[in-house]
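Novice: Chains as they are written, first to last, in the working numbering: chain A, 72 to 351; chain B, 834 to 1146. Yeah, the Cβ is synthetic: ideal placement off N, Cα and C, and Gly gets one too. Here the structure is a predicted model, which means the values were calculated and not measured. Sharing a structure, written as structure tokens. Questions coming.
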């Protein structure tokens, strides 16, 4: 990956994070922690990987993206706005009465959202259905889906993994946002969740482990997933919840809580300065 | 009059799928390891490449159906009512009905006529669950000919549909040559001026037989078949409320949340009249033969007749 590309990805990720902060601050509610942890992945997928056209968001031949951890909607909305699916200023309407940016993604109200999600464990099944549909059509459409690490405590996820592997859905690529925190504490404390890569491997997935904030690692893993033709792939990303806003990083209290004015200004200043350095 | 057949509506469902799939390549079928029981096996034998067994995982099956629908397919997902509508309720609500996706959900072995398997498998709550969800159409056909027409209608309808199937073989009451299925429209099977019996699914035939027994007592009973519980045919119900003295509803389902309460809502709001609900009275089923169970819970012709007579005094 050349320096210009890396720089533009970092810059987009930073803008996505600013969008997350602005929208959650405006809504006075929402989930900043898990949105910030997937900002780098979304920057990569939407600017470098997904075959999408913001002018034709319903194109049947587009790649599909399912945010199974639907509470990270602010990150999805932010990247969609930056890619031109709707206006950046719309981000301020998040979670407000009558807004098309619902608290959790609604495929019928928001251009660019491929599946309504929010109830954990369900998006991944829909992603399997999409991947199966694409294979039946022989269309070459690829399906990407992001799961939270807390989310994989849902039994339905493992039903879906069995299905994906049984039907050899090699056009399906899952990401696990392994930020190691869920609402009530660490995934280890709350549910004894461990050995995620081994679990996916034993369910028949081609598994990769990467640093979810390293664009070169993301690129390599996505390319390996595309090259894998004997079944579905899972990329387990070690990430930092709240990444990019120093006081939110690795702090579970920012799972589902909006910053106040002072906190917002602090976060915005931190991200603005990073952006200025990148674009300066 | 077409031939009277004795057939379970699950069988008719499987046959109908195989028939409509010949003309509609978008139709795909998913099952959860019950293809032999739900009769999706009939489809599988005809269209193996469009059939997907999901294993015993109903929640995932419904979600996969949702994903397939986003890709333009028309998925029929099938299991026992207890496990599709029951276990899969939240998946149906959030992954199918909220996004208004074109998924058809079949609930087989509904009601107590499942028989010997007993209470764990006798779902008498599926209609209540499904009709409470926005965007959902709820169908409960009463015989072979009605089921075949209902499946075709469900496939033609854009949006989520729940179809209730029975395990027990039942005699047909409709005439294939003249029968017309219109989603959301009830059918008056027999006219009558004293009382009205509004029935759905398997007990429709029993209600007709009960009406004959009532005729012997000089009670003229109108019999209405409601194959579509949602959207409900308000017109046919209000007409019955206006023209007859009392309404009896009959269903192989809990009296809570099913056809009876749906009818009560319409009548209460628009033309108050006494409605008596006949169904499963807020209790669980048990093991036994289907016929013994229907008699025990007073859902056979004799039981329906007796209940109506006791209420009429």
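Does the beta-carbon of residue 1124(B) have 16 or more other beta-carbons within 10 angstroms, so that it is buried, or is it exposed?
Specialist: The count along the second chain starts at 1 and reaches residue 1124(B) at position 291. Exposed is the call here.
Novice: Taking CB distances under 9 Å as the criterion, tell me whether residue 923(B) reaches chain A.
Specialist: Taking the first residue of the second chain as position 1, residue 923(B) is located at position 90. Chain A, which has a Cβ nearer than 9 Å to the Cβ of residue 923(B), makes this yes.
Novice: Report the partner residues of residue 871(B) according to the DSSP bridge assignment.
Specialist: As a position in the second chain, residue 871(B) is number 38, starting the count at 1. According to DSSP, which records beta bridges pairwise, residue 871(B) is partnered with nothing at all.
Novice: Cβ closer than 9 Å: which chain A residues qualify as neighbours of residue 903(B)?
Specialist: Taking the first residue of the second chain as position 1, residue 903(B) is located at position 70. 135, 178, 185, 186, 197, 200, 201 and 204, listed in chain order.
Novice: Quick test of your reading: residue 857(B) and residue 907(B), contact by CB under 8 Å. State the CB separation rounded to the nearest angstrom.
Specialist: Start at 1 with the first residue of the second chain, and residue 857(B) comes out as number 24. Start at 1 with the first residue of the second chain, and residue 907(B) comes out as number 74. That pair is a contact at about 7 Å.
Novice: Could you name the residues of the same chain whose beta carbon sits closer than 6 Å to that of residue 880(B), not counting the 5 residues immediately before and after it, in chain order?
Specialist: Numbered from its first residue, the second chain carries residue 880(B) at position 47. Cβ neighbours of residue 880(B) beyond the five flanking positions: 854.
Novice: Could you please give the first and the last residue of the uninterrupted alpha helix (DSSP H) stretch that includes residue 883(B)?
Specialist: Taking the first residue of the second chain as 1, we reach residue 883(B) at position 50. Residue 883(B) -> no alpha helix (DSSP H), and no H or E assigned at all.
Novice: With DSSP as the reference, please indicate the residues paired to residue 939(B) in a beta bridge.
Specialist: As a working mapping, residue 939(B) is identified with position 106 in the second chain. Per DSSP, 911(B) and 996(B).
Novice: Kindly list the residues whose CB is nearer than 8 Å to the CB of residue 949(B), restricted to its own chain and excluding five residues on each side of it in sequence; keep chain order.
Specialist: Start at 1 with the first residue of the second chain, and residue 949(B) comes out as number 116. So the qualifying residues of the chain are 1120, 1121 and 1122.
Novice: Would you decide whether residue 318(A) is buried or exposed? Buried here means 16 or more other CB atoms lie within 10 Å of its CB.
Specialist: Position 247 of the first chain, counted from the start, is the residue given in the question as residue 318(A). The residue is exposed, with fewer than 16 neighbouring Cβ atoms inside 10 Å.
Novice: Please classify residue 1107(B) as buried or exposed, where buried requires at least 16 other C-beta atoms within 10 Å of its C-beta.
Specialist: Here residue 1107(B) corresponds to residue number 274 of the second chain, with the count starting at 1. With fewer than 16 other Cβ atoms within 10 Å, it is exposed.
Novice: For chain B, is any of its Cβ atoms less than 9 Å away from the one on residue 237(A)?
Specialist: Start at 1 with the first residue of the first chain, and residue 237(A) comes out as number 166. Output row for residue 237(A): interface = yes.
Novice: Please state the DSSP three-state secondary structure of residue 288(A).
Specialist: The sequence position of residue 288(A) within the first chain is 217, counting from 1. In this structure, residue 288(A) counts as helix in the three-state DSSP scheme.
Novice: Rounded C-beta distance between residue 99(A) and residue 329(A)? I'm assuming under 8 Å.
Specialist: Along the first chain, one-based indexing puts residue 99(A) at 28. Along the first chain, one-based indexing puts residue 329(A) at 258. The pair is a contact, with the Cβ atoms about 5 Å apart (cut-off 8 Å).
Novice: In angstroms, rounded to a whole number, what distance separates the CA positions of residue 877(B) and residue 961(B)?
Specialist: Translated into the one-based positions of the second chain, residue 877(B) becomes position 44. Translated into the one-based positions of the second chain, residue 961(B) becomes position 128. Going from the Cα of residue 877(B) to the Cα of residue 961(B) covers about 30 Å.
Novice: Does the CB of residue 906(B) have a neighbour CB from chain A at under 9 Å?
Specialist: Position 73 of the second chain, counted from the first residue, corresponds to residue 906(B). Yes - at least one Cβ of chain A is within 9 Å of the one on residue 906(B).
Novice: When the Cα of residue 869(B) is compared with those of 847(B), 1132(B) and 954(B), which residue comes out closest?
Specialist: Here residue 869(B) is taken as the residue at index 36 of the second chain, counted from 1. Taking only the C-alpha atoms, the option nearest residue 869(B) is 847(B).
Novice: For residue 254(A), collect the residues of the same chain with a Cβ closer than 6 Å to its Cβ; drop the 5 residues on either side in sequence, then sort them by chain order.
Specialist: In the first chain, residue 254(A) corresponds to position 183, counting from 1. Within the same chain, residue 254(A) has close Cβ partners 326.
Novice: To the nearest angstrom, how far is the alpha carbon of residue 1052(B) from that of residue 837(B)?
Specialist: Walking along the second chain from the start, residue 1052(B) turns up at place 219. Walking along the second chain from the start, residue 837(B) turns up at place 4. Computed Cα separation, rounded: 27 Å.
Novice: Would you tell me roughly how many angstroms separate the C-alpha atoms of residue 1009(B) and residue 862(B), rounded to the nearest one?
Specialist: Numbered from 1 along the second chain, position 176 holds the residue referred to as residue 1009(B). Numbered from 1 along the second chain, position 29 holds the residue referred to as residue 862(B). C-alpha separation (whole angstroms): 26 Å.
Novice: Which first and last residues belong to the alpha helix (DSSP H) in which residue 233(A) is found?
Specialist: The count along the first chain starts at 1 and reaches residue 233(A) at position 162. First-last of the alpha helix (DSSP H) with residue 233(A): 226-237.
Novice: Going by beta carbon distance, what residues of the same chain come within less than 6 Å of residue 896(B), once the five residues before and after it are set aside?
Specialist: Here residue 896(B) refers to the residue found at position 63 when the second chain is read from its first residue. So the qualifying residues of the chain are 924 and 928.
Novice: With contact counted as at least three CB pairs below 8 Å, one residue from each stretch, are the stretch 251-265 of chain A and the stretch 296-304 of chain A in contact?
Specialist: The stretch 251-265 of chain A, when compared against the stretch 296-304 of chain A, does not touch it at the 8 Å Cβ threshold.
Novice: Compare the Cα-Cα distances from residue 1088(B) to each of 1068(B), 1104(B), 1007(B) and 1110(B) and report the closest residue.
Specialist: Your numbering for residue 1088(B) matches position 255 in the second chain. Looking at the Cα atoms, 1110(B) is the closest of the given residues.
Novice: So which residues of chain B does residue 190(A) contact, with C-beta pairs closer than 7 Å?
Specialist: Here residue 190(A) refers to the residue found at position 119 when the first chain is read from its first residue. Under the 7 Å cutoff, chain B gives 923 and 927.
Novice: Indicate the three-state DSSP secondary structure (helix, strand or coil) for residue 1101(B) in the structure shown.
Specialist: What you label residue 1101(B) is simply residue 268 of the second chain in a count that begins at 1. If DSSP states are grouped into helix, strand and coil, residue 1101(B) belongs with the helices.
Novice: Hey, quick one: how far does the beta strand (DSSP E) through residue 1073(B) stretch, first residue to last?
Specialist: Residue numbering aside, residue 1073(B) sits at position 240 when the second chain is read from its first letter. Taken as a continuous stretch (DSSP letters only), residue 1073(B) belongs to no beta strand (DSSP E), being part of the alpha helix (DSSP H) at 1067-1076.
Novice: Quick check on residue 193(A): buried or exposed, where buried means 16 or more other Cβ atoms within 10 Å of its Cβ?
Specialist: Residue 193(A) sits at position 122 when you count from the first residue of the first chain. It counts as buried.
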